[in-house]
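Note that the numbering used here gives residue 214 to position 83 of the sequence shown, counting from 1, and the numbers run on in steps of one.
Cβ atoms here follow ideal geometry from the backbone N, Cα and C, with glycine treated the same way.
A quick note: this is a predicted structure, and the numbers were derived from the prediction, not measured.
Here the structure is laid out as structure tokens; the discussion comes afterwards.
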Amino acid sequence: MATESYTLERFIADLDRITREETSAEVVTERAAPLLARLVRQPGSIPAEYLRAPAGRRGRFMLHRAPRFNVTSVVWRPGDRAPAHNHETWGVIGVIDNEIEETRYRVSAGAGGRASLDVLRVMRHKPGDVSRLVPGDEVHAMHNPTGRDTVEIHVYGRDLAGLRRKTWADDGTETPLVSPKYLNC
Ligand SMILES: [Fe+2]
Numbered sequence: 132m133a134t135e136s137y138t139l140e141r142f143i144a145d146l147d148r149i150t151r152e153e154t155s156a157e158v159v160t161e162r163a164a165p166l167l168a169r170l171v172r173q174p175g176s177i178p179a180e181y182l183r184a185p186a187g188r189r190g191r192f193m194l195h196r197a198p199r200f201n202v203t204s205v206v207w208r209p210g211d212r213a214p215a216h217n218h219e220t221w222g223v224i225g226v227i228d229n230e231i232e233e234t235r236y237r238v239s240a241g242a243g244g245r246a247s248l249d250v251l252r253v254m255r256h257k258p259g260d261v262s263r264l265v266p267g268d269e270v271h272a273m274h275n276p277t278g279r280d281t282v283e284i285h286v287y288g289r290d291l292a293g294l295r296r297k298t299w300a301d302d303g304t305e306t307p308l309v310s311p312k313y314l315n316c
């Protein structure tokens with residue numbers, strides 16, 4: 132078993148089955164996380180052209196787009212950040228190469244129409260690690276604090292294009308996050 136390869140096609144087939152069998156975000160991510168861990172640890176499971184950032188831009192590549200889930204690769208360049216944001220769905224994020232810093236927040240109503248963001252935890256994910264996003268605990272910020280590119284696979288339970296989401300500045304100012312373009316984070 133240890134030498135048996137795990138492919139993107141098998142991962143997609145497994146996710147297809149899991150998301151037919153389960154609707155609970157908790158259960159879906161619990162079952163998907165070890166499979167994603169296996170995928171990101173498998174050398175060559177994702178074609179190399181989807182693991183490199185184009186010159187001067189963050190890498191974002193759609194690997195599978197379907198009604199119940201989608202799979203993308205993301206390449207964060209040194210210093211790249213995504214401020215605190217929500218997802219309105221479940222997610223699993225696995226690291227292929229290098230590392231990423233993820234900060235989880237609890238958002239509550241603050242004074243003056245601003246939200247109050249409390250840091251729940253700050254995590255440093257390394258190759259093979261998988262982070263689960265489950266509604267109720269899915270507001271996060273991402274940062275590549277290292278000097279080289281970080282490569283990840285992101286899986287979400289909804290298509291993020293056009294989805295009405297939110298992002299928050301450090302002072303709690305809330306901004307709608309809706310993009311006609313597919314955002315992978
Ligand atoms: Fe995100």
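Roughly how far, in whole angstroms, is the beta-carbon of residue i from the beta-carbon of residue j, given that I think they are within contact range, below 8 Å?
i	j	result
Ala215	Thr298	7 Å
Val223	Ala292	That belief does not hold up - the Cβ atoms of Val223 and Ala292 are roughly 19 Å apart, past 8 Å.
Please classify residue i as buried or exposed, where buried requires at least 16 neighbouring CB atoms within 10 angstroms.
i	result
Arg169	buried
Glu180	exposed
Met273	buried
Ser310	exposed
Thr220	buried
Gly243	exposed
Ser136	exposed
Leu251	exposed
Going straight from the alpha carbon of residue i to that of residue j, what length do you get?
i	j	result
Thr281	Gly187	15 Å
Val238	His256	23 Å
Gly225	Leu264	11 Å
Ser247	His218	18 Å
Thr203	Ala240	32 Å
Ala184	Leu194	15 Å
Thr306	Ala300	8 Å
Arg151	Pro198	11 Å
Ala156	Phe142	18 Å
Ile177	Val270	27 Å
Val159	Pro266	12 Å
Glu161	Asp302	33 Å
Gly278	Ile231	11 Å
Thr138	Leu167	10 Å
Phe192	Asp249	32 Å
Asp145	Gly210	34 Å
Met254	Ile284	17 Å
Pro258	Lys312	28 Å
Tyr236	Glu140	34 Å
Could you check which residue in the options has the C-alpha nearest to that of residue i?
i	options	result
Asn315	Ala300, Thr306 and Arg296	Arg296
Arg189	Gln173, Val206, Ile177 and Asn201	Val206
Gln173	Tyr313, Asp260 and Val286	Asp260
Asp208	Val286, Asn275, Gly288 and Lys312	Checking the sequence, you will find Arg at residue 208 rather than Asp. Ranking the options by Cα distance to Arg208, first place goes to Asn275.
Ile149	Gly288, Thr304 and Asp228	Gly288
Asp290	Leu182, Arg196 and Val171	Arg196
Asn229	Asn201, Leu182 and Leu251	Leu182
Asn201	Val286, Thr234, Leu294 and Leu308	Val286
Check whether the Cβ of residue i sits closer than 7 Å to any heavy atom of ligand 1, and report yes or no.
i	result
Met254	no
Ala179	no
Met193	no
Ala292	no
Ala213	yes
His274	no
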